[in-house]
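The opening position of the sequence shown corresponds to residue 0 in numbering that gives the first Met the number 0, with each subsequent residue numbered one higher. In this text, a Cβ means the ideal position worked out from N, Cα and C, and glycines have one as well. Input: a single structure, listed below in structure tokens.
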Amino acid sequence: MMGLEEYKAKSGRFTPVWTLEIQTPIEDVDKILDAVMTVYPLSYGRYQRNASISAQAMETSQPEEGSTTTTHATGYKAGSTETYPMVELKISIERDTDILEQVMDVIHQVHHYEEPVIFLREDWASRAAYNPENENPNRWWNNGRGMPNRIESIAKKF
């Protein structure tokens, strides 16, 4: 049985990556991405600063006595439920522990929480057999619709 390392189709291949899924307030997405870019380009093919941002959702917790919330939020009672808006920011990096350490350090430095919620997964990312002159009628430069409308400000869209 062939592994994904050997997989090659006319359309491209797959490469091993780590995906980091970071829960954060929407207004901090650019700050986190900018910080990561100081140590890693977030490349996807011939594009940099690639990320996926979910629609706004909610996160909830019950901070314990001695947590940052009970220490810094006046009148907060330990064990009370708190719920806040958040998004999931997903980025991928090559599977290299030195890179992972650098990325995690800058995220932790700029993140809103002292204990950021970050999930790490081993994934495989597609890499296309790149051809910007492709005649495929489904490509944005050939389909008559062009690119979707740009979002000028991440935080203002949520």
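Inset, instruction - List the endpoints of the continuous alpha helix (DSSP H) containing residue 127. - result: Where residue 127 is concerned, there is no enclosing alpha helix (DSSP H), although the beta strand (DSSP E) it sits in stretches over 117-127.
Legend entry - Spatial distance of residue 112 from residue 84 (CA atoms): 13 Å
Inset, instruction - Determine the DSSP secondary structure at residue 22, reduced to helix, strand or coil. - result: strand
Legend entry - Classification of residue 91 by the beta-carbon crowding that lies within 10 angstroms, buried from 16 upward: buried
Inset, instruction - Have a look at 151, 13, 86, 103 and flag the residue whose alpha-carbon is nearest the alpha-carbon of residue 23. - result: 86
Legend entry - For residue 28, the residue or residues it bridges with in DSSP: Bridge partners of residue 28: none, in fact.
Legend entry - Sequence-distant residues of the same chain with beta carbon closer than 8 Å to residue 145, five excluded per side: Here residue 145 has 139 as same chain residues with Cβ atoms under 8 Å from its own Cβ, once five neighbours each way along the sequence are excluded.
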